[in-house]
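Mapping of the sequence shown onto my numbering: position 114 corresponds to residue 382, and the numbering continues sequentially without gaps.
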Amino acid sequence: MPAVAIQGVWKYFGDYPALRDISFDVEPGSCLALLGRNGAGKTTLLRILAGLSRSSRGQITILGQDARAEATRRAVSVLGHGIGVYDELSAFENLQLFARLYGLTDPAKVANEWLERTNLNRVRDGLVREFSRGMRQRLAVARTFLHNPSLLLLDEPFTALDDRAIKMLQDLLRAALADGRTVIMSTHQLREALQLATDVALVNRGRLAFRGKRTPEMLEDPTWLYRHYGEA
């Protein structure tokens, strides 16, 4: 059974089709790099997969269930543009809150573990509104991983991260994949994405232009896919 099955998905904003008849599967334990230029429809598709938006037509199943089912949403974690942490809480309070929401045992222990793993333990009691963009992103990474989700949906996850934090995130993703979890990642940082990807999907003006395995050519030249399957 695919981890994610997308069948004939369309999404309209008014009369404009942001997604046009998208269909593909994502196998369990794989890492799909979802690529495309600005406005191609990547974020729209990720929002539908996350249950944050509804498709206009078509069907999506995640782990064999409807994408918006409660059980599905507990097994999915999303890291998107909005970051999704609370400015008026401390780093520790944020992670403890999310650990409680996910029903984890010993939320304080989980929060402290993830503060250490993301190198935020020294600012555990600092208010998030005082954090730099990079520190906020690292906290969002911790929030995304702390409940060991089966499916990770990542939209520009490397944004605002320095080289050390990028490596930290790559290591977390490799560990998740080694544990059999599934990753769908949209990013413009092609080299970082392709180093992790087992599979690639390219969206061009709302249509699926390419879906296949990540090849050595793509890894050697991150622009290869755009030159062969992107816009003319």
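We put the CB at the ideal spot given by N, CA and C, even for glycine.
Residue i versus residue j - alpha carbon distance
i: Ile503; j: Gly352; result: An answer regarding residue 503 cannot be provided, because it is not within the stretch 269 to 500 covered by the chain.
i: Leu365; j: Pro375; result: 8 Å
i: Asn380; j: Ile316; result: 32 Å
i: Lys279; j: Arg325; result: 7 Å
i: Met436; j: Lys310; result: 24 Å
i: Leu419; j: Ala271; result: 8 Å
i: Asp489; j: Leu347; result: 27 Å
i: Phe281; j: Asp393; result: 42 Å
i: Gln463; j: Thr373; result: 34 Å
i: Arg385; j: Asp439; result: 11 Å
i: Ala465; j: Ile290; result: 20 Å
i: Gln457; j: Phe426; result: 8 Å
i: Asp293; j: Thr491; result: 24 Å
i: Ala443; j: Val409; result: 14 Å
i: Ser345; j: Asp283; result: 31 Å
i: Arg336; j: Gly371; result: 19 Å
i: Pro417; j: Arg459; result: 25 Å
i: Arg495; j: Leu357; result: 46 Å
i: Ala500; j: Lys481; result: Residue placement at Ala500 cannot be trusted, given a pLDDT of 41 that sits under 50; the coordinates are not used to answer.
Own chain, CB closer than 6 Å to residue i, minus 5 neighbours either side, in chain order
i: Glu424; result: Thr455
i: Leu476; result: Ile290
Cβ-based neighbour list, residue i, same chain, cut-off 7 Å, excluding 5 preceding and 5 following
i: Leu493; result: Leu303, Val468, Leu470, Phe478, Met486
i: Leu414; result: Leu363, Phe366, Ala367, Val378, Trp382
i: Arg401; result: Ala428
i: Gly430; result: For the record, residue 430 in the displayed sequence is Asp; it is not Gly. The residues are Gly402.
Element boundaries [beta strand (DSSP E), containing residue i]
i: Ile328; result: 325-330
i: Ala273; result: 272-281
i: Tyr450; result: For clarity, residue 450 is Thr in the given sequence; the question names Tyr instead. Unbroken beta strand (DSSP E) run through Thr450: 450-454.
i: Leu429; result: Run containing Leu429: none; DSSP gives neither H nor E here.
i: Leu484; result: Per the sequence presented here, residue 484 reads as Pro, with Leu not at that position. First-last for Pro484: 484-488, but that is the alpha helix (DSSP H), not the beta strand (DSSP E).
i: Leu470; result: 467-472
Own chain residues within Cβ distance below 8 Å of residue i, not counting five before or after
i: Thr340; result: Gly319, Ile330, Leu331, Gln333, Asp334
i: Gly276; result: Asp289, Ile290, Ser291, Arg325, Gly326, Gln327
Where the alpha helix (DSSP H) containing residue i begins and where it ends
i: Phe366; result: 359-369
i: Tyr497; result: 492-497
i: Ile316; result: 310-317
i: Val396; result: Looking at the DSSP string, Val396 is not in any alpha helix (DSSP H), and its letter there is neither H nor E.
i: Ala409; result: For clarity, residue 409 is Val in the given sequence; the question names Ala instead. First-last of the alpha helix (DSSP H) with Val409: 401-413.
Proximity of residue i and residue j at Cβ, strictly below 7 Å
i: Arg411; j: Asp355; result: no
i: Leu287; j: Leu421; result: no
i: Leu300; j: Ile434; result: no
i: Val391; j: Ala359; result: yes
i: Arg406; j: Leu395; result: no
i: Pro285; j: Gly474; result: yes
i: Gly448; j: Gly307; result: no
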